[in-house]
Amino acid sequence: MAKRVYETWKGSNKFILGGRLIFGPDARSLLVTILLLIVPLVIFCVFVARHLRHEFSPYNVGYTILVVAVVFIIHVLVLLYLTSARDPGIIPRNSHPPEEEFRYDSSVSADVGGRQTPSLQFPRTKEVLVNGLPVRVKYCDTCMLYRPPRCSHCSICNNCVERFDHHCPWVGQCIGLRNYRYFFMFVSSATLLCIYVFAMSALYIKVLMDRDNVGTVWKAMKESPASVILMAYCFICLWFVGGLTGFHSYLIGTNQTTYENFRYRADNRINVYDRGCLNNFLEVFCTAVKPSKNNFRAFVQEEVQRPPHSPAPREGVTADDLGVDPRRKVEDDLEIGEDLLKISQRRNIDELDEDIRSRGSSVPPHNTSDADSVFGSDHRAPTIRSDARHSSWGRRSGSWEIAQEVFTNSNVTESRSHVTPKEARQ
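In this note's numbering, the protein residues as written are 409 to 834.
Structure below.
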């Protein structure tokens, strides 16, 4: 049965509801974020907003405090969902490197079989134009692609993400091109919610002081300890979500990402993406969200096996230098050389003749009786010497091809010792 894309996904993401929702590997931290939002609001509704229902005129206007708090928390949770449960802009990884970028580099070569073979190289970076200015992009070994401008590989999710900003553990997801506006709206809405709860809790303390004639703020705080806890909690949270809101407001106004700000801040680079404060805000909030490049519920299609890539050699590089011999020259040469050494050490001329015939030689078989007249009754190791070389032993590739004339013009003499490998090569 064919599998779906999310079932064979190579990243570190987690999928639920059959691949409809995608999270980062630290999605459990999202539960902590939800509890940090819901629990304080429940305390606020029960111990603060409920007592303010009838404290204003007209009589029931205080219900709006409760309604606003509920609507606010729903709005924040929806933004949290849009930030953490959707594709942040993941670029699908390739199954093989881009072939058009292959090239041979003779300066980096591998020593195979005693010869230097140019190594297949891949350019690590290349330049593209952005707003008329060159921008260097890097090659990602994991995803086997050149990252588009402002794209970076997240080491936590193990994906390349477009307009990568950062990986947020509080939402359990990368922040990128497709969810950055929702992340900013989530952070800013959480900031406003903290301000709202803090203000309403302080208002309830003031109401207690006026209603019961307590007189001092300390006595009013004793009457409603929940209000004190909520005010302290919201004050602490404001330092985090409020600080993030201010920082990302600056990033949007200057058209930067968190990654670019921290990495290139000391380089004094020209920001080629900055189009003015107003246009930068319009780019983030008033442009359509690009569709996802991944269909996680689609069925995986089997990739058709393609013939091995053989790029054209550069000028000045021969086929012999590239080692593009269909016989696999290095392995065959070594094997033939070893077999020739064994042949030269045979004790029986019949075995020599049989070996030559088995390798496809066109040499006619020798007459055994003639061989006996040459060697006599003693069949000891023959030594083969040729007056002239008719083979290709002198080639750089080391290929040994035995010609027929080697045997027809050879002088076969008797020797009482085996031929050494050094003598066989001479």
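All C-beta atoms in this analysis are idealised placements derived from N, C-alpha and C, irrespective of residue type, glycine included. Since we're looking at a predicted model, the values are computed, not measured.
>> I'd like the span of the beta strand (DSSP E) that includes residue 569, first residue to last.
In response: As a position in the sequence shown, residue 569 is number 161, starting the count at 1. Here the beta strand (DSSP E) through residue 569 covers 567-569.
> Rounded to the nearest angstrom, how far is the Cβ of residue 571 from that of residue 584, given a contact under 8 Å?
Replying inline: Looking up residue 571 in the sequence shown gives position 163. Looking up residue 584 in the sequence shown gives position 176. That belief holds up - the Cβ atoms of residue 571 and residue 584 are roughly 6 Å apart, short of 8 Å.
> So, is residue 409 buried or exposed, given that buried needs 16 or more other C-beta atoms within 10 angstroms?
Replying inline: The sequence position of residue 409 within the sequence shown is 1, counting from 1. Residue environment: residue 409 is assigned as exposed (fewer than 16 neighbouring CB atoms within 10 Å of its CB, all protein chains considered).
>> Just to confirm the assignment, what range does the beta strand (DSSP E) spanning residue 538 have?
In response: Translated into positions along the sequence shown, residue 538 becomes position 130. 533-538 is the span of the beta strand (DSSP E), which, as asked, contains residue 538.
>> Taking the alpha-carbon of residue 692 as reference, which of 591, 654 and 448 has the nearest alpha-carbon?
In response: By 1-based counting over the sequence shown, the position of residue 692 is 284. Among 591, 654 and 448, the Cα nearest to that of residue 692 belongs to 591.
> Which of the three DSSP states, helix, strand or coil, is assigned to residue 543?
Replying inline: The residue you call residue 543 lines up with position 135 of the sequence shown. When secondary structure is reduced to three states using DSSP, residue 543 falls in the strand class.
>> Using the three-state DSSP reduction, which class does residue 504 fall into: helix, strand or coil?
In response: For this step, residue 504 is matched to residue 96 along the sequence shown. Looking at residue 504 - three-state DSSP - the assignment turns out to be coil, as it is neither helix nor strand.
>> Do residue 461 and residue 449 have their beta-carbon atoms positioned less than 8 Å apart in this structure?
In response: If you number the sequence shown from 1, residue 449 lands on position 41. If you number the sequence shown from 1, residue 461 lands on position 53. For residue 449 and residue 461, no; Cβs fall outside 8 Å.
>> Please report the distance separating the alpha-carbon of residue 677 from that of residue 568.
In response: Position 269 of the sequence shown holds residue 677. Position 160 of the sequence shown holds residue 568. Cα to Cα, residue 677 sits roughly 23 Å from residue 568.
>> Measuring only the C-alpha atoms, how far is residue 429 from residue 442?
In response: As a working mapping, residue 429 is identified with position 21 in the sequence shown. As a working mapping, residue 442 is identified with position 34 in the sequence shown. The alpha-carbon atoms of residue 429 and residue 442 are separated by roughly 17 Å.
>> Alpha carbons only, please: which of 417, 576, 552 and 686 is nearest the one belonging to residue 434?
In response: To locate residue 434, count along the sequence shown from 1; it is residue 26. The residue with the shortest Cα to Cα distance from residue 434 is 576.
> Rounded to a whole number of angstroms, what is the C-alpha to C-alpha distance between residue 457 and residue 471?
Replying inline: The sequence position of residue 457 within the sequence shown is 49, counting from 1. The sequence position of residue 471 within the sequence shown is 63, counting from 1. Rounded to the nearest angstrom, the two C-alpha atoms are 8 Å apart.
> How many whole angstroms separate the CB atoms of residue 598 and residue 639, which I take to be in contact at a CB cut-off of 8 Å?
Replying inline: Residue numbering aside, residue 598 sits at position 190 when the sequence shown is read from its first letter. Residue numbering aside, residue 639 sits at position 231 when the sequence shown is read from its first letter. Under the criterion of beta carbons closer than 8 Å, residue 598 and residue 639 do not qualify as touching, at roughly 16 Å.
> Where does residue 551 fall in DSSP's three states?
Replying inline: Your numbering for residue 551 matches position 143 in the sequence shown. Residue 551 falls in the coil class under three-state DSSP.
> How many Å lie between residue 411 and residue 551 at the Cα?
Replying inline: By 1-based counting over the sequence shown, the position of residue 411 is 3. By 1-based counting over the sequence shown, the position of residue 551 is 143. The alpha-carbon atoms of residue 411 and residue 551 are separated by roughly 21 Å.
>> To the nearest angstrom, how far is the alpha carbon of residue 700 from that of residue 626?
In response: Walking along the sequence shown from the start, residue 700 turns up at place 292. Walking along the sequence shown from the start, residue 626 turns up at place 218. C-alpha separation (whole angstroms): 55 Å.
>> For residue 485 and residue 542, what's the separation of their Cα atoms in angstroms?
In response: Walking along the sequence shown from the start, residue 485 turns up at place 77. Walking along the sequence shown from the start, residue 542 turns up at place 134. When rounded, the distance between both Cα atoms is 41 Å.
>> Output needed for residue 649: all residues of its chain with C-beta closer than 6 Å, excluding positions within five of it in sequence on either side, in chain order.
In response: Counting from one through the sequence shown, the residue named residue 649 turns up at place 241. These residues qualify, in order along the chain: 595, 598 and 599.
> So which of 491, 537, 415 and 464 has the shortest CA-CA distance to residue 697?
Replying inline: Here residue 697 refers to the residue found at position 289 when the sequence shown is read from its first residue. Checking every option, the nearest Cα to that of residue 697 belongs to 491.
> Does the beta-carbon distance from residue 495 to residue 586 come in below 8 Å?
Replying inline: Counting from 1 along the sequence shown, the entry for residue 495 is found at position 87. Counting from 1 along the sequence shown, the entry for residue 586 is found at position 178. Between residue 495 and residue 586, the CB-CB gap stays under 8 Å.
>> Assuming contact is defined by CB atoms lying nearer than 8 Å, are residue 685 and residue 645 in contact in what I supplied?
In response: Counting from 1 along the sequence shown, the entry for residue 685 is found at position 277. Counting from 1 along the sequence shown, the entry for residue 645 is found at position 237. No; because the gap between Cβ atoms is not below 8 Å, this pair is not in contact.
> Can you pull the DSSP bridge partners for residue 422?
Replying inline: Along the sequence shown, read from residue 1 onward, the residue named residue 422 stands at position 14. Residue pairing from DSSP places residue 422 in a beta bridge opposite 431.
>> For residue 619, count the other beta carbons within 10 Å of its own beta carbon; 16 or more makes it buried, fewer makes it exposed. Which is it?
In response: Within the sequence shown, numbered from 1, the residue matching residue 619 stands at position 211. Answer is exposed; the Cβ neighbour count stays below 16.
>> Closest to residue 438 by C-alpha separation, out of 493, 469, 544 and 447, would be which residue?
In response: By 1-based counting over the sequence shown, the position of residue 438 is 30. It is 493.
>> So if DSSP puts residue 462 in a beta bridge, which residue, or which two residues, is it bridged to?
In response: To locate residue 462, count along the sequence shown from 1; it is residue 54. Bridge partners of residue 462: none, in fact.
>> Using the three-state DSSP reduction, which class does residue 492 fall into: helix, strand or coil?
In response: Sequence index remark: in the sequence shown, residue 492 carries index 84 (1-based). In this structure, residue 492 counts as helix in the three-state DSSP scheme.
> Taking C-alpha atoms, which residue in 452, 465, 582 and 703 lies nearest to residue 431?
Replying inline: Taking the first residue of the sequence shown as 1, we reach residue 431 at position 23. Comparing Cα-Cα distances from residue 431 to each of 452, 465, 582 and 703, the minimum goes to 582.
> In whole angstroms, what separates the C-alpha of residue 604 from that of residue 662?
Replying inline: Along the sequence shown, read from residue 1 onward, the residue named residue 604 stands at position 196. Along the sequence shown, read from residue 1 onward, the residue named residue 662 stands at position 254. One C-alpha to the other measures close to 29 Å.
> How is residue 589 classed by DSSP in three states: helix, strand or coil?
Replying inline: As a first step, residue 589 is located in the sequence shown; it is residue number 181 there, counting from the start. Residue 589 sits in a helix when the DSSP states are folded into three classes.
>> Could you give the first and the last residue of the continuous beta strand (DSSP E) run that contains residue 635?
In response: Position 227 of the sequence shown, counted from the first residue, corresponds to residue 635. Boundaries for residue 635: no beta strand (DSSP E) harbours it, while the alpha helix (DSSP H) harbouring it runs 633-645, taken from the DSSP string.
>> For a test of the three-state rule: what should DSSP assign to residue 563, helix, strand or coil?
In response: For this step, residue 563 is matched to residue 155 along the sequence shown. Three-state DSSP puts residue 563 in coil, outside helix and strand.
>> Nearest by alpha-carbon distance to residue 694: which of 633, 680 and 588 is it?
In response: The residue labelled residue 694 in the question sits at position 286 within the sequence shown. Of the candidates 633, 680 and 588, the residue whose Cα lies closest to the Cα of residue 694 is 588.
> Terminal residues of the continuous beta strand (DSSP E) containing residue 499?
Replying inline: On the sequence shown, position 91 is the one that residue 499 refers to. Segment: none, residue 499 is in no beta strand (DSSP E) and carries neither H nor E.
> Just checking my contact of residue 660 with residue 679 at CB under 8 Å: how many whole Å lie between their CB atoms?
Replying inline: By 1-based counting over the sequence shown, the position of residue 660 is 252. By 1-based counting over the sequence shown, the position of residue 679 is 271. Between residue 679 and residue 660 the Cβ distance is about 13 Å, and since that is not below 8 Å, they are no contact.
> In terms of alpha-carbon separation, which member of 447, 455 and 417 lies closest to residue 629?
Replying inline: Along the sequence shown, one-based indexing puts residue 629 at 221. If we check each option's Cα against that of residue 629, 455 comes out closest.
> Looking only at DSSP bridge pairs, what is residue 412 linked to?
Replying inline: Your numbering for residue 412 matches position 4 in the sequence shown. Residue 412 is bridged to 707.
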